[in-house]
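>
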Amino acid sequence: MRRRGLEAGIRVLHGDNTEEGGEHAARRLIEADDLPTAVVAFNDQCAIGVLAALARAGVAVPGRVSVVGYDDDTLARLSCFNLTTVSQGAREQARHAVTAAVERLDQGRTEAREVVLTPRLVRRGTTAAPA
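In the working numbering, the protein residues as written are 2 to 132.
(1) Going by CA-CA distance only, name the one from R92, A129, V99 and D74 that's closest to N44.
(2) Around the Cβ of D35, are there at least 16 other Cβ atoms within 10 angstroms (buried) or fewer (exposed)?
(3) Measuring straight from C-alpha to C-alpha, what distance separates G6 and V123?
(4) Measuring CB to CB, does A129 end up less than 8 Å from P63?
(5) Using three-state DSSP, classify T100 as helix, strand or coil.
(6) So does the stretch 39–53 actually touch the stretch 97–107, counting three or more Cβ pairs closer than 8 Å?
(7) Of the residues E93, Q94, S80 and G70, which one's Cα is nearest the Cα of T86?
(8) Please classify D111 as buried or exposed, where buried requires at least 16 other C-beta atoms within 10 Å of its C-beta.
(9) I'd like the list of long-range same chain contacts for L30, defined as Cβ closer than 6 Å, with 5 residues on each side in sequence excluded.
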């Protein structure tokens, strides 16, 4: 959003990384009558909580508010959620972790290394262009 000059529209609601945390954050937005066009949640569980609160309030997703999670966990893929999410490539993460563990055990390698993985947006049914 910063790169597009939309920094003023960024709001961060603090909470925990659970469904309940997502519900609580969404209720705060609903009660303040201050819904954004999109919510990017800490993880998929939190995003599912956001979806639940919006559904209870009769807020159309993605019509009025788009919702994006992070993790691409198995719940996100269920048709009842069909959650748009960001995938960080769990298999690739695991491959790097195993490689590092094996190198440490076999070669005694202990120095830190930086591994940067490219995230991927998985478009499903909870996002649309703003109305």
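Quick reminder that beta carbons are idealized off the backbone N, C-alpha and C, glycines included.
Remember, it's a predicted structure, so these values are computed and weren't measured experimentally.
With the structure as the only source:
(1) Among R92, A129, V99 and D74, the Cα nearest to that of N44 is on D74.
(2) The Cβ neighbour count for D35, taken over all protein chains shown within 10 Å, is under 16; the residue is labelled exposed.
(3) So the alpha carbons of these two residues sit roughly 24 Å apart.
(4) For A129 and P63, yes; Cβs fall inside 8 Å.
(5) In the three-state scheme derived from DSSP, where H, G and I count as helix and E and B as strand, T100 is classed as helix.
(6) No, the stretch 39–53 does not touch the stretch 97–107.
(7) Cα-wise, what sits closest to T86 is G70.
(8) It is Thr, not Asp, that sits at residue 111 in the sequence shown. Exposed: under 16 other Cβ atoms inside 10 Å.
(9) So the qualifying residues of the chain are L36.
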